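If you're matching them up, the sequences are chains D and F in order.
My numbering numbers the first residue of the first sequence as 1 and each following residue consecutively.
My numbering numbers the first residue of the second sequence as 135 and each following residue consecutively.
All residues carry an ideal CB built from backbone N, CA and C; glycine is no exception.
In this text the structure is predicted, and so the values were computed from the model without any measurement.
Have a look at the structure below before the remarks.
There are 2 protein chains.
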Amino acid sequence: MSERDAVLFANEAFYRAFADRDARAMDAMWSTNAPVTCIHPGWGPIQDREEIVASWAAILADENAPDIQCRDAEAQIYGDVAVVICFETIDDGRLIATNIFCREGPVWKMIHHQAGPTSAASDPHTAETGGALH
Amino acid sequence: MSERDAVLFANEAFYRAFADRDARAMDAMWSTNAPVTCIHPGWGPIQDREEIVASWAAILADENAPDIQCRDAEAQIYGDVAVVICFETIDDGRLIATNIFCREGPVWKMIHHQAGPTSAASDPHTAETGGALH
């Protein structure tokens with residue numbers, strides 16, 4: 001498996017944990033060695049690992065939690081850090097996410113997640129831009 | 135200057151370029167060695183350096199471009215990559231941003247920016263959370 005494939009595999013595992021409502025798998029996604037941050041859409045930053053895991057547990061336990069699919073993930077690797085940009089299709093809405101991973105031995109662990117709304121198409125090659133604050 | 139201070143200095147320079155409408159300084163912020171990505175609020179990802187610089191030039195040339203201030207920036211360093219989380223106060227609105235930098239010799243250059251809306255207070259220690267899609 002190439003490095004890039006390994007990063008995209010970790011990104012897929014993150015969304016699989018979300019889609020499966022698997023709080024334990026979500027917990028296991030996050031680095032235990034490095035500082036972590038999570039910015040849910042519309043929220044402020046959560047900068048404590050336990051609080052991040054608890055926030056996901058609450059979201060995944062909510063019976064009204066939306067379905068989610070990851071689309072068009074693209075990874076860039078900068079040494080032991082990787083950045084994945086992808087779209088999140090949530091019910092009828094669409095978000096765009098920055099997911100950052102760090103290498104821990106043979107696997108990549110999440111150190112940061114930010115998702116926010118986008119009006120762009122899910123295929124970045126046909127994405128519309130414009131009409132934003134900046 | 136500590137590593138963290140150097141990262142926060144680069145982050146400040148990014149917002150100074152924005153506030154000063156200085157397209158040349160904004161251009162100089164972005165790495166020329168590493169892959170770069172920019173997600174303006176509501177937009178899709180821009181993954182080409184020239185397009186990123188052009189998007190900023192258009193934004194900064196717009197006489198209706200909002201004023202911006204960076205608040206409560208916090209940096210984490212992972213080897214040669216640094217992640218800054220901060221709030222952006224734009225006119226009456228508030229955004230939250232992930233800014234990623236990589237070390238290039240003595241300076242830190244931007245490799246990624248995503249900003250999106252937040253309902254949280256600008257001080258993360260008093261930030262409200264909740265009411266989001268996930």
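query, result
"Kindly list, in the order they appear in chain D, the residues whose Cβ is closer than 9 angstroms to that of P251(F).", "P41, G42, G116, P117 and L133"
"Quick one: which chain D residues come within Cβ less than 9 angstroms of C236(F)?", "Y78, G79 and V81"
"Of all the residues that make up the segment 190-208 of chain F, which are near chain D by a beta-carbon distance shorter than 8 angstroms?", "I193, A199, P200, I202 and E208"
"Is any heavy atom in the ligand MN found nearer than 8 angstroms to the beta carbon of G213(F)?", "Summarising the ligand content, the structure contains no ligands, and the ligand MN is consequently not present."
"Go ahead and label Q203(F) buried or exposed: buried means 16 or more other beta carbons lie within 10 angstroms of its beta carbon, across all protein chains shown.", "exposed"
"Between the C-alpha atoms of A199(F) and A151(F), what's the straight-line distance to the nearest angstrom?", "13 angstroms"
"Three or more beta-carbon pairs under 8 angstroms between the segment 184-193 of chain F and the segment 148-164 of chain F, yes or no?", "yes"
"To the nearest angstrom, how far is it from the Cα of I245(F) to the Cα of D62(D)?", "35 angstroms"
"I need the straight-line Cα distance from C38(D) to I85(D), nearest angstrom please.", "15 angstroms"
"List, in order along the chain, the chain D residues whose C-beta lies closer than 7 angstroms to that of P169(F)?", "Q76"
"Does the Cβ of N33(D) have 16 or more other Cβ atoms within 10 Å, making it buried, or fewer, making it exposed?", "exposed"
"Give the residues of chain D in contact with T223(F), contact being defined as C-beta atoms less than 9 angstroms apart.", "Correct list: empty, because the minimum Cβ distance to chain D is about 11 angstroms."
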